[in-house]
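Peer 1: What follows is a single structure, and I will ask about it in a moment.
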Amino acid sequence: VVIFSFSYNIYKELSGSASCNASTNFIDGLGGPIELIDQNGSFFSLEDQDIGLSLVYFGYSYCPDICPYDLERNAYVKDIMDEEQLDINLIFITLDPSRDTADRLKDFSEYIHDSMIALTGSNDQIEALKKGYGVFGKLNKIDNKDRSYLVDHSTFSYLVDKNGKVISFFNRRETPEKISDKIKCFY
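According to my numbering, the sequence shown is numbered sequentially starting from 16.
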């Protein structure tokens, strides 16, 4: 019981979902500028976006289960925010840039949500973002010919401002409604 209680309280502190006034310094320093290539092959800069908040998820388009599920949930968040007339960018950043080309991400993003921004870049750019956002991602390639590998990765969704500063984050157990309620705190 003590371990469960401690774990639950740490989870509530880390998730920051208890109330609008809850703040934590666990996320201080997380984030950074996002400048990559979008699903249309165009340069994308988060700082240049008209919308001030973005819900960002790191994953890969070949993911058989977790990424589609989490992105679909984030798409519902986007729809809820749209109904409330509160703009938010829905962003997906690949952890597998060698397979997730702009063309691949175009098809993938259209499948998930018509307004999703799907981003790719060089291995160095993706590694820098992983480090800045505290994202775990590991390719399970056997060799360079292996094209059917999986990618182990963390599954947080990040609420970020135009500068890429992480304002809040959400684990995969959070519902679209709870995420939307938390995001509304920042409008």
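The C-beta atom is built at its ideal place from N, Cα and C for all residues, glycine as well.
1) If I'm right that V181 touches Y148 with Cβ under 8 Å, what's the distance once you round it to whole angstroms?
2) Look at the alpha carbon of N104 and the alpha carbon of N155, and state the distance between them as a whole number of angstroms.
3) Residue range of the beta strand (DSSP E) that D115 falls in?
4) With a threshold of 16 other CB atoms inside 10 Å of the CB of T135, please say whether the residue is buried or exposed.
5) Do F58 and I132 have their C-beta atoms within less than 8 Å of each other?
6) Among K160, N159, Y164, whose alpha-carbon lies nearest the alpha-carbon of K153?
7) Which of helix, strand or coil does DSSP assign to F123?
8) Sorted by chain position, which residues of the same chain lie with C-beta nearer than 6 Å to C82's C-beta, five sequence neighbours on each side aside?
9) DSSP three-state label for K160, please.
10) Pick out whichever of E62, Y126, F171 has its Cα sitting closest to the Cα of T190.
11) Using 8 Å as the cut-off, can you tell me whether the segment 84–104 makes contact with the segment 46–55, which would need three or more C-beta pairs spanning the two stretches below that distance?
12) Of the choices F107, D115, S113, D111, whose alpha-carbon is the least far from that of D129?
13) To the nearest angstrom, how far is the alpha carbon of L61 from that of L51?
Peer 2: This is what the structure holds:
1) For the purposes of this step, residue 181 is identified with residue 166 of the sequence shown, where counting begins at 1. For the purposes of this step, residue 148 is identified with residue 133 of the sequence shown, where counting begins at 1. The Cβ separation is near 7 Å, so the contact holds.
2) In the sequence shown, counting from the first residue as 1, residue 104 sits at position 89. In the sequence shown, counting from the first residue as 1, residue 155 sits at position 140. The alpha-carbon atoms of N104 and N155 are separated by roughly 30 Å.
3) On the sequence shown, residue 115 is found 100 positions in, with the first residue counted as 1. Premise fails: D115 is in no beta strand (DSSP E) and is neither H nor E.
4) On the sequence shown, position 120 is the one that residue 135 refers to. T135 comes out buried.
5) Residue numbering aside, residue 58 sits at position 43 when the sequence shown is read from its first letter. Residue numbering aside, residue 132 sits at position 117 when the sequence shown is read from its first letter. Going by C-beta atoms, F58 is not nearer than 8 Å to I132.
6) The residue you call residue 153 lines up with position 138 of the sequence shown. Closest option to K153, Cα to Cα, is Y164.
7) For the purposes of this step, residue 123 is taken as residue 108 along the sequence shown, with counting starting at 1. DSSP places F123 in helix when its eight states are reduced to three.
8) For the purposes of this step, residue 82 is taken as the residue at position 67 of the sequence shown. So the qualifying residues of the chain are G74.
9) Numbered from 1 along the sequence shown, position 145 holds the residue referred to as residue 160. Under the three-state reduction of DSSP, K160 is assigned to coil, being neither helix nor strand.
10) Here residue 190 refers to the residue found at position 175 of the sequence shown. The residue with the shortest Cα to Cα distance from T190 is F171.
11) no
12) One-based indexing of the sequence shown puts residue 129 at position 114. The shortest Cα separation from D129 among F107, D115, S113, D111 belongs to F107.
13) Here residue 61 refers to the residue found at position 46 when the sequence shown is read from its first residue. Here residue 51 refers to the residue found at position 36 when the sequence shown is read from its first residue. Between the C-alpha atoms of L61 and L51 there is a straight-line separation of about 9 Å.
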